[in-house]
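Please read the structure below before turning to the comments.
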Amino acid sequence: MQIMETAPPIQATDNQLSLADFDAIKVVGKGSGGIVRLVQHKWTGQFFALKVIQMNIQESARKQIAQELKINQSSQCLNVVVCYQSFYDNGAISIILEYMDGGSLADFLKIVKNIPEPYLAAIFKQVLKGMWYLHHEKHIIHRDLKPSNLLINHRGEVKITDFGVSAILASTSGQANTFVGTYNYMSPERISGGQHGYSSDIWSLGLVLLECATGYFPYSPPELDEGWSNVFELMDTIVNQSPPCAPPDEFSPEFCSFVSACLQKDPRKRPSANELLKHPFINMYEHLNIDLAGYFTEAGSPLATL
1 MQIMETAPPI
11 QATDNQLSLA
21 DFDAIKVVGK
31 GSGGIVRLVQ
41 HKWTGQFFAL
51 KVIQMNIQES
61 ARKQIAQELK
71 INQSSQCLNV
81 VVCYQSFYDN
91 GAISIILEYM
101 DGGSLADFLK
111 IVKNIPEPYL
121 AAIFKQVLKG
131 MWYLHHEKHI
141 IHRDLKPSNL
151 LINHRGEVKI
161 TDFGVSAILA
171 STSGQANTFV
181 GTYNYMSPER
191 ISGGQHGYSS
201 DIWSLGLVLL
211 ECATGYFPYS
221 PPELDEGWSN
231 VFELMDTIVN
241 QSPPCAPPDE
251 FSPEFCSFVS
261 ACLQKDPRKR
271 PSANELLKHP
281 FINMYEHLNI
291 DLAGYFTEAG
301 SPLATL
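Under full-length UniProt numbering, the first residue of the sequence shown is numbered 1, with each subsequent residue one higher.
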């Protein structure tokens, strides 16, 4: 009797993968960065995300993609999505990534509308750990932190993804003046075209947290039913108006303090990711033993649906 041996699971350090080793299951995401498919490895049965980016684009965009590959392959952190391997073939870059079966926080918010404080504290503790790793271990500014770039899975894990607009900063000052990212979550100093550092990600984190808590984007347009008429109007508001804050009658003082700390107009006044990990809001619900895995599943997140 012949015994079939099960292939060992693929590790991030493996470099022997080929696109021919994968079966496509379905498309799980589309965007300016390319198409993301759920794929299954033929020999191990493991699921992965395959991001395909067409390369018939400008040289500047090619450099940006090359940077994404470099960062992904050098990032090994529990709260950063793992990149296994990348390929260039027939004018397209293909990247094999860790598959997060719960989708993104943007997807999750469409289901639950808003997230209660205890769960937010547990979620953003993980986000801050990933951000601390990017900032202080890899010297990376993410530059495009938003709900769709925070992924979740059935184990209750939260991970940062999409380094398409990130950059490894060679300078010791940690400054950069490249203008890339999503305008909605962009810090005032970036919109103004000035230099920016890691604190620009802290601003974005504050906006994302407030959006997750309230269920709507923190900068309300003049006509609530119309939305922002153009991006320049929104950018002007971010630069010239007072930053948004959490309604004190709806949220704890600790939560309001955390949001306020992130959304300081002066980037020098924003705490670092490591300092925010010690903020009372992040730790005030730990005695409740928050079960994010159960919350993500019970709330109807599209976990492991093929």
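We treat Cβ as the ideally placed atom computed from N, Cα and C, and that holds for glycine.
Run the CB neighbour count on residue i, radius 10 Å, all protein chains shown included, and call it buried at 16 or more, exposed below.
i, result
"I3", "Below a pLDDT of 50, predicted positions are generally treated as unreliable, and I3, at 42, falls in that range; the measurement from the model is reported next regardless. That one is exposed."
"Q76", "exposed"
"F296", "buried"
"E286", "exposed"
"D236", "exposed"
"I111", "exposed"
"G294", "exposed"
"G156", "buried"
"L234", "buried"
Residue i: which of the options sits nearest, CA to CA?
i, options, result
"F217", "D201, G29, T297 and Y183", "Y183"
"C245", "H287, K42 and Y219", "Y219"
"I290", "L50, I53, G45 and K125", "K125"
"H154", "G102, W132, D107 and Y133", "G102"
"P243", "L277, M131, C256 and S252", "C256"
"K26", "F48, I115 and V82", "F48"
"G91", "M131, E275, G34 and A106", "G34"
"A261", "E250, D249 and L277", "L277"
"S252", "E275, M284 and S272", "M284"
"I123", "V39, D249, K159 and K113", "K159"
"S272", "M100, E254, L109 and M131", "M131"
"residue 330", "L134, E254, F108 and K113", "In the structure as shown, the chain begins at 1 and stops at 306. Residue 330 is therefore absent and cannot be evaluated."
May I have the straight-line CA-CA distance separating residue i from residue j, to the nearest angstrom?
i, j, result
"E117", "Y88", "43 Å"
"R270", "L209", "15 Å"
"T214", "Q54", "37 Å"
"H279", "F258", "7 Å"
"N230", "Q241", "17 Å"
"D162", "N149", "6 Å"
"S192", "V239", "7 Å"
"E98", "L19", "15 Å"
"Q195", "V39", "40 Å"
"P221", "A106", "20 Å"
"N274", "V82", "22 Å"
"F108", "Y119", "13 Å"
"D21", "M100", "20 Å"
"A299", "L292", "10 Å"
"D249", "H136", "36 Å"
"residue 309", "W228", "Given that the chain is displayed from residue 1 to residue 306, the structure contains no residue 309 and the question cannot be resolved."
"L288", "E254", "16 Å"
"K113", "Y84", "33 Å"
Are residue i and residue j close, meaning C-beta to C-beta below 8 Å?
i, j, result
"V127", "L205", "yes"
"K51", "D23", "no"
"G45", "V36", "no"
"K129", "N79", "yes"
"S94", "S104", "no"
"F281", "A121", "yes"
"I96", "L17", "yes"
"C212", "I115", "yes"
Checklist entry - Between the stretch 142-158 and the stretch 193-201, do at least 3 Cβ pairs fall closer than 8 Å? => result Short answer: they touch.
Next on the checklist: Whether or not the stretch 188-198 and the stretch 265-274 are in contact is what I'm after, with contact meaning three or more pairs of Cβ atoms, one per stretch, closer than 8 Å; do they touch?
Outcome noted: The answer is yes - the stretch 188-198 touches the stretch 265-274, with three or more Cβ pairs under 8 Å.
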